[in-house]
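Numbering (the numbering used here), first residue to last: 139 to 246.
#1: Based on the DSSP output, what are the partners of residue 237 in its beta bridges?
#2: Since residue 181 and residue 215 are thought to touch, with beta carbons under 8 Å apart, how far apart are those beta carbons, to the nearest angstrom?
#3: Do you know whose CA, among 238, 244, 209, 149, lies nearest residue 173's CA?
#4: Taking all protein chains shown into account, do 16 or more other C-beta atoms lie within 10 angstroms of the C-beta of residue 195, making it buried, or fewer, making it exposed?
#5: Which residues does DSSP pair with residue 217 in a beta bridge?
#6: Using 8 Å as the threshold, is the C-beta distance between residue 147 and residue 169 below it?
#7: Do you know offhand how far residue 205's Cα is from residue 237's?
#8: Taking the continuous alpha helix (DSSP H) assigned at residue 204, which residues delimit it?
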């Protein structure tokens, strides 16, 4: 199963302040860690459910920051990292079986 994960940052578990999502703010590293942990949990769950081709796209625009901590990313997936992505669903291909969103804003 080919899976595409689109990510944002504001809805990640543990994001308590908007400032945690801006690359030029002191708490940004906490936000990066929160997002990375959520992505890792989703990748592990997807692999357990049978996904064998997983692409994770960093879709959060944070003043050009790298929102995901690549060195801590779960193995077994490909990652498109760095903001901003050129467009939503960057890297999603026609033969993708399933796409879903992680850590998007509430009501997004």
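Each residue gets a CB set at the ideal place from its N, CA and C atoms; glycine is no exception. The structure displayed is predicted, hence computed values, not measured ones.
On the basis of the coordinates in this document:
#1: Reading the chain shown from its first residue, position 99 is the one you call residue 237. DSSP, once it has assigned bridges, lists 142 as partnering residue 237.
#2: Your numbering for residue 181 matches position 43 in the chain shown. Your numbering for residue 215 matches position 77 in the chain shown. Indeed they touch by this definition, with Cβ atoms about 5 Å apart.
#3: Your numbering for residue 173 matches position 35 in the chain shown. It is 149.
#4: Against the chain shown, residue 195 aligns to sequence position 57. Classification of residue 195: buried, given that the 10 Å Cβ count is 16 or more.
#5: Reading the chain shown from its first residue, position 79 is the one you call residue 217. Beta-bridge pairing links residue 217 to 194.
#6: The residue given as residue 147 occupies position 9 in the chain shown. The residue given as residue 169 occupies position 31 in the chain shown. Yes; because the gap between Cβ atoms is below 8 Å, this pair is in contact.
#7: On the chain shown, position 67 is the one that residue 205 refers to. On the chain shown, position 99 is the one that residue 237 refers to. Going by the C-alpha atoms only, they are around 20 Å apart.
#8: As a working note, residue 204 is residue 66 in the chain shown. Per DSSP, residue 204 belongs to no alpha helix (DSSP H) and is neither H nor E.
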